[in-house]
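*Asks:* In the UniProt record's numbering, the protein residues as written are 1 to 150.
My structure is below; once you've seen it, I'll send some questions.
What follows is the structure, given as structure tokens:
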């Protein structure tokens with residue numbers, strides 16, 4: 001019975017004081033000016049896509065098993081040559097083709113010199129603009145015009 005604090009009051013219906021969370025810098029600065037204890041914690045997972053958190057674990061496991069570092073795949077020289085030939089046949093400059101596919105001229109230079117990492121979207125744009133097949137078995141072959149059925 002010596003543990004009982006006879007001076008403590010219990011008020012029914014009142015809430016305990018809870019730490020206030022603020023998102024504005026002005027409120028934070030006001031609290032600092034008054035001398036209140038201020039703690040700032042940053043959320044670690046803020047802004048993440050909860051539905052798509054996982055990575056490709058099979059690919060990561062394969063990379064862990066390999067000892068040597070493999071450079072990323074580059075464009076085949078035949079693809080770069082096909083791009084150059086088709087561009088020259090249409091009498092277009094690298095700048096013109098880059099503008100038509102909505103990419104920088106340096107990207108097109110990398111593709112023509114076989115230094116670029118292949119991107120299917122860019123290859124598809126180049127195929128449409130140049131009218132030449134750049135993916136698959138028959139690289140450099142002319143694309144057939146779409147047949148309209150009436």
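Just so it is clear, CB atoms sit at the ideal spot from N, CA and C, and this is done for glycine as well.
1. Count Cβ pairs between the stretch 126-136 and the stretch 83-98 that sit closer than 8 Å; are there 3 or more?
2. Within the same chain, show all residues whose beta-carbon is closer than 8 Å to that of residue 55, passing over the 5 residues directly before and after it, in chain order.
3. CA-CA distance, residue 8 and residue 18?
4. Just to confirm the assignment, what range does the alpha helix (DSSP H) spanning residue 80 have?
5. Who are residue 132's beta bridge partners in DSSP?
6. Assuming residue 103 and residue 122 are in contact, meaning their beta carbons sit under 8 Å apart, how far apart are those beta carbons, in whole angstroms?
7. Throw me the rounded Cβ distance for the residue 146 and residue 139 pair, which I believe falls under 8 Å.
8. Which of helix, strand or coil does DSSP assign to residue 123?
9. Applying the criterion that 16 or more other CB atoms from any shown protein chain within 10 Å of the CB defines a buried residue, is residue 112 buried or exposed?
10. For residue 13, count the other beta carbons within 10 Å of its own beta carbon; 16 or more makes it buried, fewer makes it exposed. Which is it?
11. From this set, 136, 135, 75 and 85, which residue's C-alpha is nearest residue 107's C-alpha?
12. Measuring straight from C-alpha to C-alpha, what distance separates residue 141 and residue 124?
13. Quick one: what does DSSP say residue 92 is sitting in, helix, strand or coil?
*Replies:* According to the data block:
1. Cβ pair count under 8 Å is three or more, so yes.
2. Annotation for residue 55: no residue places its beta carbon closer than 8 Å to its own, counting only its chain and skipping 5 residues before and after.
3. Distance between the alpha carbons of residue 8 and residue 18: 19 Å.
4. From DSSP, the alpha helix (DSSP H) with residue 80 extends over 77-89.
5. Answer is 142.
6. Contact flag correct, Cβ pair sits at about 6 Å.
7. Between residue 139 and residue 146 the Cβ distance is about 21 Å, and since that is not below 8 Å, they are no contact.
8. DSSP, reduced to helix, strand and coil, places residue 123 within a helical segment of the structure shown.
9. Burial is judged here by how many other beta carbons sit within 10 angstroms of a residue's own beta carbon; residue 112 has at least 16 and is buried.
10. Under this definition residue 13 is an exposed residue.
11. Ranking the options by Cα distance to residue 107, first place goes to 75.
12. Going from the Cα of residue 141 to the Cα of residue 124 covers about 14 Å.
13. Three-state DSSP puts residue 92 in coil, outside helix and strand.
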